[in-house]
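Chains as they are written, first to last, in the numbering used here: chain A, 1 to 306; chain B, 307 to 845. For each residue, glycine too, the CB sits at the ideal point set by N, CA and C.
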Amino acid sequence: MTDLGWWGVPLGVLGGALRVSTPFLFVSLGECITEKSGRINLGLEGIMVMGAMAGYAVSLASGNPWLGVLAAGFAGLALGLLHGLICNLARVNDIAVGIGLMLFGTGFAFFLGKPYIQPKAPNLPAFSLGGWSELPQVQAALQVSPLLLIGIALAFALAWALCNTRWGLVLRMVGDSSDAARAMGYNVNLVRTLATAAGGLLAGVGGSFLSLYYPGSWTEGLSSGQGLMAVALVIFARWNPVYCFYAALMFGGAGSLGPALQSVGITSGYYLYNAAPYVLTLAIMLATCSPTRTLAGAPGELSIVR
Amino acid sequence: MAEEGIMMRMKPAQPVLPDHALGLEITGMTKRFGAFTALEEVSIRVAPGSLHALLGENGAGKSTLVKCIVGFHPPDSGQIQVDGHEQAIRSPHDAHSLGIGMVYQHFTLVPSMTVAENLVMSRGDVPAVLDWSKERARLAAFMDTVPFRVPLDRPVSQLAVGEKQKVEILKQLYLQRRFMILDEPTSVLTPAEADEVLGMVKGLARAGQVTVLMITHKFREVTGFADEVSVLRRGRLAGSGRVAALTPAQMAGMMVGERELPQGRSQDDDAVQASLPRAQGTDAAPRLVLNELVVESDIGQPAVNRVSLAVRPGEILGIAGVSGNGQRELVQALVGQRAPRSGEIRVDGTPYRATRAEMRRHRVYSLPEEPLRNACVPRMSVAENMAFRNFDLAPLASGFWLRRGAMLAQAARWIGEFGVKTRGPGAAIGTLSGGNVQRAVLARELSWPVSVLIVANPVFGLDFAAVAEIHARILAARAAGAAVLLVSEDLDELLELSDRLVVISEGRLVHETATASADIDVIGRCMAGHGAEHQEEPA
């Protein structure tokens with residue numbers, strides 16, 4: 001095995017970006033859809049963990065990891081729908097419901113997931129983009145999951161759809177001016193419920209990536225706040241799906257800085273380097289937010305910008 | 307929920323829109339909100355192809371009436387006949403499929419979407435996937451048939467109020483509505499633009515393409531453009547008839563009825579005095595000075611570009627201009643809502659940053675435009691809103707504690723003095739009508755000795771009694787020695803009130819004149835000078 005020396009760090013970061021970014025990408029795309037409709041779903045963390053558990057369980061039972069992904073999507077859809085329906089009631093605050101859902105989702109997943117901590121379920125396949133290289137490290141780093149490619153395609157498709165399809169424009173209309181949408185005869189609550197359910201579906205799929213690909217097993221500390229960070233990610237991606245992809249890559253890269261440095265022997269600040277994504281979040285927020293300008297692209301009906 | 311389910315039309319059937327101007331007859335329409343009767347037995351007939359004006363003071367029920375027609379509020383009783391057939395209009399969708407549309411006073415455009423997206427989405431029959439090249443060609447062809455231009459690719463949030471209003475009217479034309487309700491359509495337009503829009507609307511009516519019902523406060527527009535007029539007072543029909551057969555005095559009589567004029571009119575005498583030509587030669591030092599002030603817009607462009615001006619005590623300086631030329635940002639900088647990029651503001655010779663302490667020390671007060679948004683917290687009570695200037699001072703506060711009794715007493719006193727119509731000092735200020743919100747803010751800002759007064763579009767959307775009252779109060783403040791900066795999009799208002807006029811265009815002051823020797827043509831040209839650029843923004 002060839003020693004890459006310091007080259008191992010950028011390679012590790014790149015590999016990490018490709019691996020770790022996928023759940024960020026799915027969850028942020030889901031949150032993007034939900035927020036475009038004018039609601040915030042803070043429960044994505046819970047939905048994600050629920051998706052991870054459901055995906056792992058079904059994969060174990062059926063032997064087919066793709067059925068697991070499907071099950072994770074359904075679990076997410078159901079929880080998203082629950083959030084959407086509760087928020088349809090009068091005087092219900094979406095943020096409070098989201099926090100409730102986050103706690104419910106994680107707790108319920110741990111409860112149901114107890115039997116799945118030990119057994120090993122079949123994982124999702126991967127293919128390598130590093131076949132051109134002789135180096136096993138490069139080949140290992142450039143392993144990607146088909147889910148990442150699906151996510152990237154989804155980001156671009158979503159960006160296109162928001163400007164070029166009726167449902168995309170209706171979604172933006174509902175999220176930006178519910179009065180205008182009502183005046184056009186659109187059912188604001190229905191659109192928002194569907195958007196939250198769709199967001200839940202994507203978050204569930206993102207969760208299944210955690211348990212079925214990387215790290216690839218079901219544990220209780222699986223998500224570690226990635227669902228919450230996706231909310232911040234959507235804000236600094238300015239509610240633009242393609243930017244969500246770039247932001248997810250950046251978060252993924254930052255998240256793997258610690259392990260990459262560890263691989264070349266720097267272990268002293270391991271936990272500090274692991275905080276890189278969070279530091280990055282704060283730094284980008286500071287750099288891009290301005291007291292004199294409103295957040296460009298923020299849906300007008302979001303309770304945080306109103 | 308159930309009702310909304312019915313309204314939901316993801317794939318609406320293409321309604322068969324009428325191809326001629328619609329006639330409309332309302333009989334015995336009544337609408338109550340709780341114990342409050344907003345409309346009582348109102349009957350109005352609007353002939354096809356006519357331009358029908360709906361006059362009335364604030365709170366007279368005009369908005370309620372038209373909202374009943376377009377299905378926003380279901381009426382408690384009464385019928386609507388469209389072209390002689392009785393119709394049940396239960397939702398805006400029902401109204402739209404009959405060819406009835408409305409331009410609301412509050413904009414209904416989606417701010418983050420571009421003008422083109424807004425227009426296309428306003429159609430019921432948007433295909434699942436949009437072919438933008440085809441839509442663009444359609445829009446371009448449509449734009450050739452209308453007498454004004456708007457930037458199709460700009461998000462609506464970046465348009466000035468005047469431009470938004472144009473897009474709203476455009477939308478109705480684009481949707482081929484045959485009965486169009488306009489809620490004060492010209493309040494944000496320059497007189498020339500207003501004449502142009504109303505002339506065009508009237509031309510469409512003449513040609514039998516559309517029937518227009520227009521809510522307005524301006525007699526000039528009624529006499530100049532309307533065929534018929536109906537007047538509402540306190541929810542009842544006070545009179546109606548052909549405009550040609552009525553004088554403005556008769557219409558005003560129907561509007562006001564035999565009601566007493568609100569209190570505060572006692573200041574009229576001062577106002578009359580103040581509006582007389584004053585002794586010239588005020589050599590007093592300027593009280594408000596702007597020096598090369600630059601203020602950026604929301605998108606970081608210089609909206610106010612190196613503006614310098616000076617206002618002396620006892621003088622009203624008017625700033626004229628088409629909306630969206632930097633007036634909003636200028637006022638925001640002066641009242642402390644927006645930090646200037648560079649340059650300085652001086653009050654009484656010292657730099658001024660619009661902090662609360664400085665406002666108090668220099669006695670700077672303001673009447674910003676859209677007072678509910680810029681000067682009030684809608685969900686707080688009238689009394690609390692009225693106390694924003696002095697809630698933390700004696701007698702409303704003693705040390706750490708607020709004294710609610712004193713606050714309520716102050717509010718009760720001002721409600722009486724300024725004739726604010728409210729359920730009481732404890733009502734949320736957001737529930738008041740526009741004129742009464744403005745009166746409440748006036749009370750808060752003008753019940754003190756005022757040294758500098760910043761005023762922006764103070765009578766936007768108000769009825770004529772409120773207009774006269776607010777103008778009188780501004781003149782009284784001037785007579786008492788205040789330096790008044792009056793920003794208005796209504797040139798007549800500026801000519802009536804101000805001593806000196808400057809014209810702002812593209813964020814720069816392009817013209818200055820004494821009002822007495824003002825040349826309207828020159829002012830108009832300066833206002834419009836760079837207007838064309840402003841409207842034609844490249845994609």
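Counted within 10 angstroms of its Cβ, other Cβ atoms place residue i as buried (16 or more) or exposed
| i | result |
| --- | --- |
| Ala663/B | exposed |
| Pro380/B | exposed |
| Ile846/B | Only positions 307 to 845 of chain B appear in this structure, which leaves residue 846/B out of reach. |
| Leu323/B | exposed |
| Trp720/B | buried |
| Thr22/A | buried |
| Thr517/B | buried |
| Leu594/B | buried |
| Gly130/A | buried |
| His391/B | exposed |
| Arg679/B | exposed |
| Glu134/A | exposed |
| Val852/B | There is no way to answer for residue 852/B, as the model of chain B reaches only from 307 to 845. |
| Pro136/A | exposed |
| Pro677/B | buried |
| Arg396/B | exposed |
| Leu699/B | exposed |
| Gln118/A | exposed |
Alpha carbon of residue i to alpha carbon of residue j, nearest angstrom
| i | j | result |
| --- | --- | --- |
| Ala159/A | Ser178/A | 21 Å |
| Phe770/B | Ser546/B | 19 Å |
| Val535/B | Val409/B | 19 Å |
| Arg634/B | Val726/B | 26 Å |
| Lys368/B | Arg351/B | 15 Å |
| Phe694/B | Gly730/B | 17 Å |
| Gln607/B | Asp325/B | 45 Å |
| Glu45/A | Phe24/A | 11 Å |
| Val348/B | Leu371/B | 8 Å |
| Pro146/A | Val503/B | 58 Å |
| Gly570/B | Thr451/B | At Gly570/B the pLDDT is 37, less than 50, meaning the model places this residue with poor confidence; the figure from the coordinates comes in the next sentence. Using only the alpha carbons, I get a separation of about 49 Å. |
| Pro115/A | Val174/A | 43 Å |
| Gly813/B | Asn631/B | 5 Å |
| Lys440/B | Val264/A | 58 Å |
| Glu499/B | Ala626/B | 15 Å |
| Ser428/B | Ile487/B | 16 Å |
| Gly705/B | Trp754/B | 22 Å |
| Lys36/A | Asp389/B | 41 Å |
| Ala57/A | Val69/A | 10 Å |
| Ala307/A | Ala639/B | The structure shown does not extend to residue 307/A, since chain A is modelled only from 1 to 306, so the question has no answer here. |
| Val743/B | Ala703/B | 24 Å |
| Leu465/B | Leu171/A | 22 Å |
| Asn274/A | Val421/B | 46 Å |
Integer Cβ distance of residue i from residue j, believed to fall under 8 Å
| i | j | result |
| --- | --- | --- |
| Gly84/A | Arg192/A | 6 Å |
| Gly204/A | Ala121/A | About 16 Å separates the two Cβ atoms, so there is no contact after all. |
| Ala237/A | Cys244/A | 4 Å |
| Gly541/B | Thr728/B | About 18 Å separates the two Cβ atoms, so there is no contact after all. |
| Arg779/B | Leu752/B | 6 Å |
| Glu301/A | Gly63/A | In fact, because the Cβ distance is near 45 Å, the residues do not count as touching under 8 Å. |
| Ser811/B | Met833/B | 6 Å |
| Arg166/A | Val432/B | 5 Å |
| Gly225/A | Ile47/A | No, Gly225/A and Ile47/A are not in contact; Cβ-Cβ is about 14 Å, not under 8 Å. |
Sheet register partners of residue i (DSSP bridge)
| i | result |
| --- | --- |
| Gly547/B | Val535/B |
| Arg39/A | Answer by DSSP bridge pairing: none, since Arg39/A is not bridged. |
| Pro684/B | Answer by DSSP bridge pairing: none, since Pro684/B is not bridged. |
| Asn597/B | Glu650/B |
| Thr343/B | Arg338/B |
| Asp489/B | Ile521/B |
| Leu815/B | Ile810/B |
| Glu621/B | Ala789/B |
| Ala342/A | The displayed coordinates of chain A run from 1 to 306. Any statement about residue 342/A would go beyond what the structure contains. |
Residue i CB to nearest heavy atom of the ligand GDP below 8 Å
| i | result |
| --- | --- |
| Ala820/B | This structure simply doesn't include the ligand GDP, nor any ligand for that matter. |
### Task
Tell me, please, whether the region 131-142 of chain A touches the region 71-85 of chain A by the rule of three or more beta-carbon pairs shorter than 8 Å.
no
### Touch test, the region 595-612 of chain B against the region 626-645 of chain B, Cβ-Cβ under 8 Å, three pairs minimum
Because the criterion of three Cβ pairs below 8 Å is met, the region 595-612 of chain B and the region 626-645 of chain B touch.
### Message
Under 8 Å: do the region 614-622 of chain B and the region 735-754 of chain B share three or more Cβ pairs, one atom per stretch?
### Response
no
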